[in-house]
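Each number in our numbering corresponds to the 1-based position in the sequence shown with 1 added. Here a beta-carbon is modelled for each residue, glycine too, at the ideal position from N, C-alpha and C.
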Amino acid sequence: MQFTQIEYFLMVARLEHMSKAALELEISQSSLSKTIARLEDDIGVPLFDRKGKSIHLNEYGRIFYKKAKKALDDLQEAKTEIQELANIQEDSIAINVMNSKLLPKLFFDFYKKRPNVKIRQYVLPDKLAQQKLIFGDIDLMIVINPIVDQRIEWVPLFTEEIFLVVPKNHPLATKESVSLIEAKDEMFIVSETGQNFRATENHLFEKAGFTPKIAFEGEDLSIILQLVNEGKGISFIFQHSFLDTYLDNVKILKISNPVCFQTVGIAWNKNRKSSFVVNSFRDFAISFLKDSANKDFSN
């Protein structure tokens, strides 16, 4: 029994029409008929009932069809998994991220392991990214704070410190650290309601014991920090953000009270089957980011 015989048999069984099957397979009808006849000879029984030009699976054919289709599907699945494992087949990962200086090396190191992978990176608002994660438009999210949704799995990666950022000419800029209550009368520039970082900011204000005066709300942290850089208010920045590189007119202050930390995690839709490469990246990211953050924190 040959692999080609099984492929041809499945096509004829699906179409139940010899000439249409031959056309689909791009072979002559006589060649197809001979192949099916040899398969039946090999098995020892006819697989089709033939009446004139019509051809239909008989009892034997239906049994063989079910088993042959499963065998072919299993072979194709095995081939795909092996190709992915061997980096033969290009695959892709769609991931939504936050601005973190740990991520470029994460991607670079993963590329070294799987050079054929295509990574599509997004920096979408949290609510939109979560929707896309649920609908399967993205595979993973690196995001602060647990996502409360029974469809989504969220695994903590590391904890990072949060700092206050003020313009250089601000009275608080003369200090190295502050208690957050000292800023209760200042104008804050904060994340938009609904963003995960806004939940963190609200928690800090609550712990400090005051309601902030808000001058501006935005979904893009880079714009928020540029407004601070231009002297329009004060805000927060987290430990592993790379955005401080672009700020030349600010002072970053340690917050002595309350203790200001946030937890960064990775999320995925647990109800959707992820590809081999997505699972590989997720496992690699969990290990890499936990290790990198601990090293950076110890320094």
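- Sequence-distant Cβ neighbours of ASP221 in its own chain, meaning closer than 7 Å and more than five residues away, do not exist here.
- The three-state secondary structure of LYS214, taken from DSSP, is strand.
- In the DSSP assignment, ARG39 falls within the unbroken alpha helix (DSSP H) covering 30-44.
- For the beta strand (DSSP E) assignment, the uninterrupted runs of no fewer than 3 residues enclosed by the segment 147-202 are, from N- to C-terminal side, 153-168, 178-180 and 188-192.
- PHE109 sits in a helix when the DSSP states are folded into three classes.
- Contact between LYS169 and LYS252 holds: their C-beta atoms lie close to 5 Å from each other, under 8 Å.
- For LEU40 and LEU73, the gap between their C-alpha atoms comes out near 16 Å.
- PRO259 is not a Cβ neighbour of LYS214, given a cutoff of 8 Å.
- Spatial neighbours of SER29 in its own chain (CB-CB distance under 7 Å, excluding positions within 5 residues in sequence) are listed in chain order as ALA23.
- In this structure, DSSP gives ASN280 a helical state, which the three-state scheme calls helix.
- In the DSSP assignment, LEU226 falls within the alpha helix (DSSP H) that extends over 222-230.
- Per the C-alpha coordinates, the member of MET99, VAL179, SER178 and ASP245 positioned closest to GLN196 is MET99.
- Between GLU177 and LYS255 the beta-carbon gap is near 6 Å, inside 8 Å, which marks them as a contact.
- In this structure, the CA atom of ARG63 is about 8 Å from the CA atom of LEU48.
- A residue is called buried once 16 or more other Cβ atoms fall within 10 Å of its Cβ, and GLU161 is buried on that count.
- Shown here, HIS18 sits in coil according to DSSP, grouped into three states, outside any helix or strand.
- In the structure shown, the three-state DSSP call for PHE262 is strand.
- Nearest Cα to GLN263 within the set ILE145, SER288 and LEU244: ILE145.
- Taking all protein chains shown into account, ARG273 has fewer than 16 neighbouring C-beta atoms within 10 Å of its C-beta and is therefore exposed.
- Within a 10 Å sphere around the beta-carbon of HIS241 sit 16 or more other beta-carbons, which makes this residue buried.
- Going by DSSP, LEU129 is part of the alpha helix (DSSP H) stretching over 127-136.
- Under the DSSP assignment, MET142 falls in the beta strand (DSSP E) whose first and last residues are 141-145.
- For ILE163, the closest of GLU202, LEU290 and TRP269 by C-alpha to C-alpha distance is GLU202.
- Straight across, the Cα-Cα distance linking LEU134 with ILE148 is about 11 Å.
- Less than 8 Å separates the beta-carbon of PHE159 from that of LEU290.
- According to DSSP, VAL251 shares a beta bridge with PRO168.
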